[in-house]
Structures are given as C-alpha cells and as structure tokens.
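Residue 850 in our numbering sits at position 602 of the sequence shown; the count goes up by one each step and never skips. A quick write-up on the structure given underneath.
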Amino acid sequence: PVPRGAVQVDQRDPPDQALARGDDHAPEAGAARDIIDIWNDPDLWAYHPWAQRTVGGVVSVHQATAPFDGDVRKTMTAAPTIAVFSDGNEDIATKYLRAAGIPQSSGAEFPAGKCAAGTCGPGTANPDMLTVESVMGDMGTCDAPNLDHANGALFTGDGLPAYCQIMSMHWNVAARETVQCDGGNCPALQADCSGLPITYHGHEVVAEVRQFLQHRTHFFGECQAVNAYENQVPNPAWPFLDDDGRLGHFLTTAGTPPDCPCTDGDFECVTGGCDGGTRDCCIPRDLKEKGAGYMIAAQPASATLQILHPEVPYMQLDGAFATVGGSEPAYNLSQTLGSAYINDMDVTFITGPDGPGVADVWMTGYIDGNCSIIDDDVWVPEECNKGKVSYLGGHSYSVNLPISSNGASQGTRLFLNALFEADCVSAEGQPRMSLTWLGDLTVPAQDATLPVTRRYTVHFSNAGGGSALDATLRVRFPGTLAPLAAFEDGGTIEDNSVLWTLGNIGASGSTSPPASGSRWFDAAFPALGDYNLEAELLYRVGVSTLRLLQPVVVRVLLDTDGDLIPDEFDPWPLDPLRCGDGDGDGCDDCAAEGTCDPEPDAGPDGDIDDPGRDNADGDCSCSAGASTPVGPLPLLFVFGMLWAFRRRTRNPGAGAGILHNLADGQK
Numbered sequence: 249p250v251p252r253g254a255v256q257v258d259q260r261d262p263p264d265q266a267l268a269r270g271d272d273h274a275p276e277a278g279a280a281r282d283i284i285d286i287w288n289d290p291d292l293w294a295y296h297p298w299a300q301r302t303v304g305g306v307v308s309v310h311q312a313t314a315p316f317d318g319d320v321r322k323t324m325t326a327a328p329t330i331a332v333f334s335d336g337n338e339d340i341a342t343k344y345l346r347a348a349g350i351p352q353s354s355g356a357e358f359p360a361g362k363c364a365a366g367t368c369g370p371g372t373a374n375p376d377m378l379t380v381e382s383v384m385g386d387m388g389t390c391d392a393p394n395l396d397h398a399n400g401a402l403f404t405g406d407g408l409p410a411y412c413q414i415m416s417m418h419w420n421v422a423a424r425e426t427v428q429c430d431g432g433n434c435p436a437l438q439a440d441c442s443g444l445p446i447t448y449h450g451h452e453v454v455a456e457v458r459q460f461l462q463h464r465t466h467f468f469g470e471c472q473a474v475n476a477y478e479n480q481v482p483n484p485a486w487p488f489l490d491d492d493g494r495l496g497h498f499l500t501t502a503g504t505p506p507d508c509p510c511t512d513g514d515f516e517c518v519t520g521g522c523d524g525g526t527r528d529c530c531i532p533r534d535l536k537e538k539g540a541g542y543m544i545a546a547q548p549a550s551a552t553l554q555i556l557h558p559e560v561p562y563m564q565l566d567g568a569f570a571t572v573g574g575s576e577p578a579y580n581l582s583q584t585l586g587s588a589y590i591n592d593m594d595v596t597f598i599t600g601p602d603g604p605g606v607a608d609v610w611m612t613g614y615i616d617g618n619c620s621i622i623d624d625d626v627w628v629p630e631e632c633n634k635g636k637v638s639y640l641g642g643h644s645y646s647v648n649l650p651i652s653s654n655g656a657s658q659g660t661r662l663f664l665n666a667l668f669e670a671d672c673v674s675a676e677g678q679p680r681m682s683l684t685w686l687g688d689l690t691v692p693a694q695d696a697t698l699p700v701t702r703r704y705t706v707h708f709s710n711a712g713g714g715s716a717l718d719a720t721l722r723v724r725f726p727g728t729l730a731p732l733a734a735f736e737d738g739g740t741i742e743d744n745s746v747l748w749t750l751g752n753i754g755a756s757g758s759t760s761p762p763a764s765g766s767r768w769f770d771a772a773f774p775a776l777g778d779y780n781l782e783a784e785l786l787y788r789v790g791v792s793t794l795r796l797l798q799p800v801v802v803r804v805l806l807d808t809d810g811d812l813i814p815d816e817f818d819p820w821p822l823d824p825l826r827c828g829d830g831d832g833d834g835c836d837d838c839a840a841e842g843t844c845d846p847e848p849d850a851g852p853d854g855d856i857d858d859p860g861r862d863n864a865d866g867d868c869s870c871s872a873g874a875s876t877p878v879g880p881l882p883l884l885f886v887f888g889m890l891w892a893f894r895r896r897t898r899n900p901g902a903g904a905g906i907l908h909n910l911a912d913g914q915k
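Pasting the structure below:
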C-alpha cells in the first residue's frame with residue numbers, strides 16, 4: 249500500500265547517501281523516492297491509480313545532505329478517514345483537500361463545488377460530505393425527542409467513530425440556531441407539534457461532534473464555524489429541548505454575563521436575560537458571540553503575530569504565516585464575561601501581539617482541557633484518551649505554491665497538518681491486535697484411531713488505544729481437512745478456509761464493542777503427518793486495511809503403545825506404562841495408577857504432592873511444583889510438547905499446546 253495524501257518530496261539524493269538515517273534505512277528512502285516520482289509525474293498516473301487527481305501540482309521535499317539527530321514526535325501508521333461538514337461553505341475544505349490530492353474514503357475526489365440537494369452524504373457519490381441531517385441522526389418527534397447524541401453519520405452502528413476527523417469551515421450561527429419540524433418551521437407551542445418529526449436541529453450537530461470527541465478523534469473549525477460550535481450553550485426551552493450533552497465550549501469556559509448596566513459597547517442589557525429570568529444582565533449584541541466563549545477580534549497584522557510552540561509537529565511552518573480576512577479573522581476571550589481556556593490549558597499557537605487570549609488565530613487542544621497538547625508525545629492508558637479540537641481564524645486560505653513564499657497558503661498547511669497529527673492517525677491511537685491459537689500442537693494417534701478430532705480456538709485481542717473496524721477472521725486449512733468437522737456459528741466456508749465477519753473490535757478496555765473474542769473449529773485429521781493452519785485477521789484503521797497473520801503446524805504423530813506420548817518423544821514407545829520422568833519427581837509419568845505418581849507435578853492418584861513426602865502408593869519421593877505453561881516463543885515449542893505429552897492425559901481432546909502471538913498489525 250502507498251501512503252495517501254500530500255506527499256512532499258523532490259529530487260533524488262545520490263545512491264550512497266542516506267536521508268539522515270544511516271545506511272540501514274536506505275531501502276526505505278528509495279521506496280519513498282519511487283512514490284514521490286510517481287506522484288509528481290502525470291505520465292505515470294495511469295499505472296498507479298492512487299496518484300491520479302485533477303489538481304496535479306508538483307510538490308517538493310527538503311532533503312538532508314548531512315547526518316543529524318532528531319526526536320520522532322509522531323509515528324503515523326494509518327491514513328485517516330475525513331468527513332467534511334456540508335455547512336454551506338464546504339468548498340473551502342474541499343479546495344484544500346483537492347490541492348493535496350486527498351480523496352474520499354470511497355476513492356472518489358472531493359467535489360470542487362458546494363453540495364446540491366441529494367448529492368452529498370451516506371449513500372451518495374460523496375459519502376464523506378456530511379449534511380446537517382446526516383450528522384444529527386434520528387431526532388425523534390416533537391413530543392418524543394431522541395436525545396441519543398451518537399446516532400448520526402459520525403458513528404458506526406455500535407457507537408464507534410466512523411471517521412478520524414470532521415472539518416467545518418464556515419457554519420453560520422444562524423443555521424446552528426435553527427430547528428425544523430416536519431420540514432418547516434416548528435409551531436410556537438410544543439403541544440401543537442405532537443407526533444411530527446424533528447427534521448433539522450442545529451444544536452444536535454454540536455452534541456454529536458462533542459460525543460465524537462469523547463474518542464481519539466479530531467475536529468477542525470474555521471472562521472464562523474468556531475463561534476457556531478464553541479459558543480453554544482444548551483437551551484432547554486421549546487423548540488430546542490436541549491440536555492447538557494448539547495454544550496459546545498470544547499476549549500473555552502462559558503463566561504458569566506454581568507449585571508446591568510452594561511459598560512462594554514458590544515453588550516446590551518436584557519431584562520430577565522439570566523438565571524431563569526430572575527436577573528437583568530449584559531448579553532453580547534452579536535448572535536455569533538452569544539454564549540461566549542469567543543468574541544470576534546479584528547484581523548491582526550501578519551508582521552505582529554506571535555508564533556508559539558514550534559516543537560509541536562503540526563505547528564511547524566516553512567516561511568511566514570499571513571492572516572486572511574473573513575467574518576471571524578481572530579478571536580478574543582471575553583474580559584467582560586470572564587471566559588478562559590478550560591483548565592487554563594495552553595492551546596494558543598498563533599496569536600496577535602497582546603495574546604494569548606487576544607486576537608488568537610490558531611488554537612488547538614484536547615476537548616474539555618482533558619490534558620496538555622504540548623506534552624502528548626507518548627500514549628499512557630487512561631490519559632489523553634479524548635479528541636483534539638483545532639480552530640483557525642480567517643475565511644479561506646490560498647493553495648498557491650510554493651508555500652514558503654505564499655504566506656496566505658500557510659493556513660492550508662495547518663489544515664493539512666492537522667489531518668495527519670490526529671491521535672487516530674498516529675501510533676498512540678491505533679489498535680494493537682494479537683492472535684492466539686489454543687489447542688493441541690501435537691496429536692498422538694494410532695492407525696486404528698484415525699481420524700482423530702481436535703478443537704482449535706483462535707483468540708483475538710486489542711491492547712491498543714484505538715478500535716479496529718470491519719474486522720474479519722479467516723482460518724486456512726489444507727484440503728485434506730475438508731470438510732471441517734464443525735465450526736462456530738457465523739462462519740462460512742471458502743476455498744479451504746472458514747471466514748467469520750467480526751465487525752468492529754473495541755479499544756483496550758471496551759465492552760461495547762468488546763476488545764477481544766474468539767472463534768473455534770474442529771478438525772478431523774485423517775492421517776499421520778504435519779498440517780499447516782493459518783489465522784488471518786483483517787481490519788481497517790481509517791482508510792488503511794491492516795493484516796495480522798499467525799500460522800501454526802499441527803503434528804499428528806504415531807503413538808504405538810497408546811500412552812498418549814508420540815513415539816518420537818517416548819523413550820519406550822512399545823511400553824504403555826513407561827515414558828520417562830518429565831517432571832523429575834522420581835516417578836515415571838506413565839506408571840500405572842496406584843503404583844507411582846501418574847501425573848507430572850501431582851501427588852498420589854492425582855493429589856497435590858507435599859514437598860519431601862513419600863508417595864503413599866509407590867516407592868518414590870515426590871515434590872510439589874507448579875506446572876510451567878507452554879511459552880509463546882517458538883524455540884520453546886519442542887520442549888513444551890515433550891513436557892505436555894508426558895502427562896497421563898485422560899482427555900485426549902484437551903488443549904495441550906498453546907501458540908501465542910503478540911505482534912502488532914501489519915500491512
């Protein structure tokens with residue numbers, strides 16, 4: 249697979265130079281250069297569809313010509329799924345995405361223009377262009393409103409994020425304040441709306457995004473969209489009927505309106521405007537500033553900007569940043585209202601000369617001040633497990649190249665950097681899958697007992713911070729085992745394999761959907777010999793499909809004397825009462841019951857030995873000791889099988905061998 253998105257590279261370095269990496273990374277550098285050459289040459293696109301695009305500018309990369317040391321802040325492991333909110337200005341976001349050559353999850357290009365009715369949303373040719381109606385989900389009826397804030401297109405059917413991030417460029421606050429019933433204006437009284445469906449609810453869009461950000465996702469807002477989301481305060485009155493889940497204020501606190509009279513010209517005195525109508529207070533005059541949060545600041549001069557935290561990966565710029573105009577070119581925290589950044593977090597990255605908090609242009613942080621975005625390098629379970637929020641002032645940035653000499657394109661760079669900095673893209677937010685085989689690795693058999701049947705279970709588990717989506721588990725087996733004796737419900741047989749559709753696998757600790765599970769099958773071995781089995785787990789992260797393989801070899805071996813110890817491991821293959829002393833207790837493990845210790849690490853007739861106590865039923869001294877389970881390392885398999893099959897097993901179908909793989913998913 250090839251990385252998707254804005255590849256930034258340019259000329260080849262000489263073959264003997266390694267890209268500031270050491271010679272051992274030369275093959276990776278060569279592979280990267282191949283991708284770059286294809287990306288920049290339209291004549292090659294027909295042979296490499298992943299590079300094909302309408303906007304085809306040549307992109308460049310800085311290449312090191314001398315070694316240097318550097319810290320890796322982010323390891324990106326999956327291409328993100330990106331939702332664009334069709335808010336009436338979605339063409340700004342698609343302009344950025346098309347310039348970078350980033351397609352929708354379906355592979356189709358993002359559209360150049362705005363969405364027409366019926367052309368965007370799930371089930372259309374533009375599935376990642378989400379409308380208000382698709383984001384808000386089922387709203388119920390006027391008299392029975394649905395307050396489920398995770399039932400829209402941002403979520404899968406089991407409540408996991410369907411996307412890595414959503415971008416909203418300029419959603420009008422007036423649209424956010426709109427509620428419609430049965431396709432039109434709602435009646436003045438709720439009683440007059442009984443049974444009618446709620447068909448548009450701006451506040452619910454904010455609630456769905458808030459719930460979306462309870463996962464390791466990302467929300468990007470630009471221009472007026474910042475005010476639309478950030479300044480929303482729940483309104484329990486008709487027709488909104490909001491609960492607390494419809495709070496905006498992802499990064500800022502909701503300030504407290506002061507008592508009248510008002511001394512700030514941006515505010516007006518509203519009689520009974522606060523505390524349930526019991527207090528006259530000062531409310532912002534501008535609808536876009538009500539509920540602040542953020543007030544609107546004038547556009548700061550580019551030369552006066554403060555550029556903060558260049559050590560954060562997606563704050564790095566190549567050239568000077570230039571501000572652009574718009575209805576919201578920058579933002580102030582309101583001194584009149586006393587608004588602040590939640591938990592006093594440092595979330596301002598570009599600001600005017602008097603900032604942070606005054607003329608802030610570029611802000612990013614974890615929702616609700618969950619933790620510091622400055623120190624989020626290493627994922628620690630139970631820390632920084634929520635989503636990130638990024639806000640950019642200015643209406644629309646340029647896509648002119650080179651970025652280094654086009655300051656108005658720097659905002660586009662920040663937009664694109666934000667896509668790939670999100671935790672759902674980097675290693676910290678990925679699933680970490682493992683596969684484990686449970687069952688007999690070595691099966692003793694005699695010609696008279698063939699075929700012999702054993703049950704095998706494949707266990708899958710996620711120890712990572714992200715979910716694995718659309719997972720399937722396939723077990724391949726040789727044709728000599730077909731048809732399988734039995735397999736767990738839900739499996740289908742395809743070409744000497746059994747396939748189960750698992751659906752979504754939750755992150756570590758998740759119970760809905762669960763983070764682990766298993767599937768079993770029974771195999772009837774018709775003859776002595778080796779049988780190759782393979783488990784394959786396929787799952788999706790973003791638009792990247794990852795694969796985890798775990799093979800195992802089951803050996804069906806001759807056991808002439810029927811003592812359940814294959815001849816290959818039995819010093820006395822013709823004597824069912826002798827097979828050796830595997831546990832070192834002085835007793836033959838296959839001795840007849842009542843004469844000596846018949847079980848490794850067990851006492852007379854199966855009781856637990858006391859250290860140093862003579863075996864009451866035999867003439868050997870036996871000592872207690874805990875069994876050592878078969879370990880996961882391949883070099884220990886043979887030892888494990890020798891140990892396991894010296895046991896006088898009464899149930900030959902029981903699992904005596906365990907193969908354990910803890911590898912991460914591989915492409």
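Backbone N, C-alpha and C fix where the C-beta goes; we use that ideal spot for every residue, glycine too.
Check	Outcome
If you measure from the CB of Val706, is any heavy atom of the ligand ATP nearer than 7 Å?	Summarising the ligand content, the structure contains no ligands, and the ligand ATP is consequently not present.
Measure the beta-carbon distance from Leu546 to Ala502 and round it to whole angstroms, keeping in mind my assumption that it falls under 8 Å.	Per the sequence shown, the amino acid found at residue 546 is Ala instead of Leu. That pair is no contact at about 23 Å.
Would you mind giving the Cβ-Cβ distance between Gln554 and Thr511, rounded to the nearest angstrom? I have them listed as a contact below 8 Å.	Not really, about 29 Å apart at Cβ, beyond 8 Å.
What is the DSSP secondary structure of Val257, counted as helix, strand or coil?	Model confidence at Val257 stands at a pLDDT of 26, short of 50, so the residue's coordinates are unreliable; what they give is reported in the following sentence. DSSP places Val257 in coil when its eight states are reduced to three.
Report all residues from its chain with a CB closer than 6 Å to the CB of Asp858; omit the five preceding and five following residues, and keep chain order.	Confidence is the limiting factor: at Asp858 the pLDDT is only 43, short of 50, which leaves the residue's position unreliable, though a coordinate-based value still follows. Closer than 6 Å at Cβ, skipping near neighbours: no residue.
If you draw a straight line from the alpha carbon of Gln459 to that of Phe467, how long is it in whole angstroms?	11 Å
Could you say which of Gly738, Asn752, Ile753 lies nearest to Val746 if we only look at CA atoms?	Gly738
Note down the Cα distance separating Leu408 from Ser715, rounded to an integer number of angstroms.	8 Å
Whole angstroms are fine: how far does the CA of Val453 sit from the CA of Thr389?	17 Å
Under a Cβ-count criterion, where at least 16 other Cβ atoms within 10 Å of its own Cβ denotes burial, should Thr697 be classed as buried or exposed?	exposed
Please return the same chain residues whose Cβ sits closer than 6 Å to the Cβ of Gly270, not counting the five positions on each side in sequence.	Note on Gly270: pLDDT 39, under 50, position unreliable in the model; no value is reported.
Quick check: the segment 470 to 483 against the segment 509 to 528, are there 3 or more CB pairs under 8 Å?	no
DSSP three-state call for Gln798: helix, strand or coil?	strand
How far does the alpha helix (DSSP H) with Asn483 in it reach, from first residue to last?	Unbroken run through Asn483: none, as it is neither H nor E.
Could you tell me the alpha carbon to alpha carbon distance between Glu742 and Glu782, rounded to whole angstroms?	14 Å
Assess, as a yes-or-no matter, whether the segment 372 to 382 is touched by the segment 328 to 336 under the definition of 3 or more beta carbon pairs within less than 8 Å.	yes
Check Ser308 in the structure and name its three-state DSSP category.	coil
Which residues does DSSP list as the beta-bridge partners of Gln554?	Thr599
With a CB to CB cut of under 6 Å and the five nearest residues on each side skipped, what residues in its chain are close to Asp671?	Arg464, Gly677
By Cβ distance, which residues of its chain are closer than 7 Å to Thr728, with the 5 residues on each side in sequence left out?	Pro774
Let me check understanding here. Comparing Cα to Cα, which of Pro799, Cys838, Leu785 lies closest to Gly810?	Cys838
Taking a contact to mean a Cβ-Cβ separation below 8 Å, would you say Cys412 touches Val637 in this structure?	no
Roughly how many whole angstroms lie between the Cα atoms of Gln480 and Gly539?	6 Å
Quick check on DSSP: helix, strand or coil for Leu822?	coil
In the structure shown, what three-state DSSP assignment does His451 receive?	helix
Any idea if Arg795 is buried or exposed, counting beta-carbon neighbours within 10 angstroms, 16 or more meaning buried?	exposed
Pairing CB atoms from the segment 607 to 619 with CB atoms from the segment 637 to 646, are three or more of them under 8 Å?	yes
I'd like to check one pair, Gly400 with Met925: are the Cβ atoms closer than 8 Å?	No answer is possible for residue 925: it lies beyond the span of the chain, which begins at 249 and ends at 915.
Any idea what DSSP makes of Val383, helix, strand or coil?	helix
Tell me the rounded alpha-carbon separation between His707 and Leu565.	46 Å
I need the straight-line Cα distance from Arg494 to Ala294, nearest angstrom please.	48 Å
Whose C-beta lies closer than 6 Å to the C-beta of Tyr477 among residues of the same chain, with five residues either side of it excluded?	Val454, Gly469, Gly496
Pull up the DSSP beta-bridge partners for Thr389, would you.	Pro445
Should Leu292 be labelled buried (16 or more other beta-carbon atoms within 10 Å of its own) or exposed?	exposed
Could you tell me the alpha carbon to alpha carbon distance between Thr749 and Pro762, rounded to whole angstroms?	14 Å
Hey, Ser587 and Thr500 are a contact pair by Cβ (cut 8 Å); roughly how many whole angstroms apart?	5 Å
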